[in-house]
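J.: Right, I'll just put the structure down here and ask away after.
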Amino acid sequence: MIIIMLGAPGTGKGTVASILSQELEIPQVSTGDIFRKNIKEKTELGIIADKYISKGNLVPDEITIDIVKNRLNDDDVKNGIILDGFPRTVAQAEALDKILEEKGKKVDIVLNLETPEDEIIERIVNRRVCSNQDCKAVYNLILNPPKVEGICDKCGSKLIQRQDDNVETVKLRFENYIKQTSPLVEYYKNNGVLQTETVSKSINKLGKDVAEEVVEILKRK
Ligand code: AMP
């Protein structure tokens, strides 16, 4: 099963993807995580990606498509994958369709998460992530705080704030989402695979609630 997580930054794509990954037993692949790992390790890819990410811009399509194309050849994604943060442009979506077609596969469901804009900023500036690359648990200081301040409940590692999770960069990331990524809503609607879900405290629905709902829907299919 090929699942795509779509949505503006801070809508909870990573949280939903991580629950779906555990419940459905398919790997979650986040292009953002791949870039962050490379930035931390100061690889050639990391040095290039950092120039874009630190400014709130997207990493160029050629680079990002290549990473996903290679990852899709790995054995662990033979039975399915949850793409978290890819595609983010129409060119990436078209490239993905082509790569999957060559493998006799197709996108099964695109989960489009929507959150009111004022909540997005609040969610992002309060987001903390586990510094352990193998854990990557995500917290929110208001909605989902860790039991001990600054420490991951799951693995005990230090919690950190992502460098691009500041008000200034978030605004640019949101603008870029509207310009470059939001046309994908129409793209996947036309393909008949789009499922839109609202994630908002105003309706008492957080990422974990959406994930539980979607797991039920997918298990019934
Ligand atoms: P994320 O962790 O998904 O929020 O991604 C963090 C940053 O990595 C984004 O703001 C982009 O700069 C970059 N990035 C992640 N995925 C992509 C993608 N599919 N295309 C281009 N840039 C990406």
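Residue numbers (this note's numbering): 1077 to 1297.
Ideal placement from N, C-alpha and C gives every residue a C-beta, glycine not left out.
(1) Touching or not, the segment 1114-1134 and the segment 1234-1247, by the rule of three or more beta carbon pairs under 8 Å?
(2) Beta-carbon within less than 6 Å of T1091's beta-carbon, same chain only, minus the 5 sequence neighbours each way: which residues are those?
(3) What residue range is occupied by the uninterrupted alpha helix (DSSP H) comprising G1083?
(4) Excluding sequence positions up to five away, which residues of its chain have a Cβ less than 6 Å from the Cβ of V1269?
(5) Ends of the beta strand (DSSP E) at Q1271?
(6) With I1157 as the anchor, note down where its beta strand (DSSP E) starts and where it stops.
(7) Could you say which of T1165, T1119, L1100 lies nearest to E1288 if we only look at CA atoms?
(8) Would you identify the three-state DSSP class for L1260, choosing helix, strand or coil?
(9) Using a Cβ-Cβ cutoff of less than 6 Å, which residues in the same chain neighbour V1291 once the five nearest sequence positions on both sides are dropped?
(10) Out of N1216, N1252, T1107, I1158, which one is the CA nearest neighbour of I1139?
(11) What are the uninterrupted segments assigned as alpha helix (DSSP H) that are 4 or more residues long and contained completely in the segment 1124-1197, given in chain order?
T.: Based on what the coordinates show:
(1) They touch, by the three-pair rule.
(2) Here residue 1091 is taken as the residue at index 15 of the sequence shown, counted from 1. Closer than 6 Å at Cβ, skipping near neighbours: V1214, G1283.
(3) Taking the first residue of the sequence shown as 1, we reach residue 1083 at position 7. Not the alpha helix (DSSP H): G1083 falls in the beta strand (DSSP E), residues 1078-1083.
(4) Here the question's residue 1269 lines up with position 193 in the sequence shown. Within the same chain, V1269 has close Cβ partners V1183, I1185, V1186.
(5) Here residue 1271 refers to the residue found at position 195 of the sequence shown. 1270-1274 is the extent of the beta strand (DSSP E) around Q1271.
(6) Position 81 of the sequence shown, counted from the first residue, corresponds to residue 1157. 1157-1160 is the extent of the beta strand (DSSP E) around I1157.
(7) The sequence position of residue 1288 within the sequence shown is 212, counting from 1. Minimum Cα distance to E1288 is reached at L1100.
(8) Stepping through the sequence shown from its first residue, residue 1260 is reached at position 184. Helix.
(9) Here residue 1291 refers to the residue found at position 215 when the sequence shown is read from its first residue. Within the same chain, V1291 has close Cβ partners E1099.
(10) Position 63 of the sequence shown holds residue 1139. From the listed residues N1216, N1252, T1107, I1158, the smallest Cα separation to I1139 is found for T1107.
(11) Annotation note: the segment 1124-1197 contains the following uninterrupted alpha helix (DSSP H) runs of length 4 or greater, listed N- to C-terminal: 1137-1147, 1166-1178.
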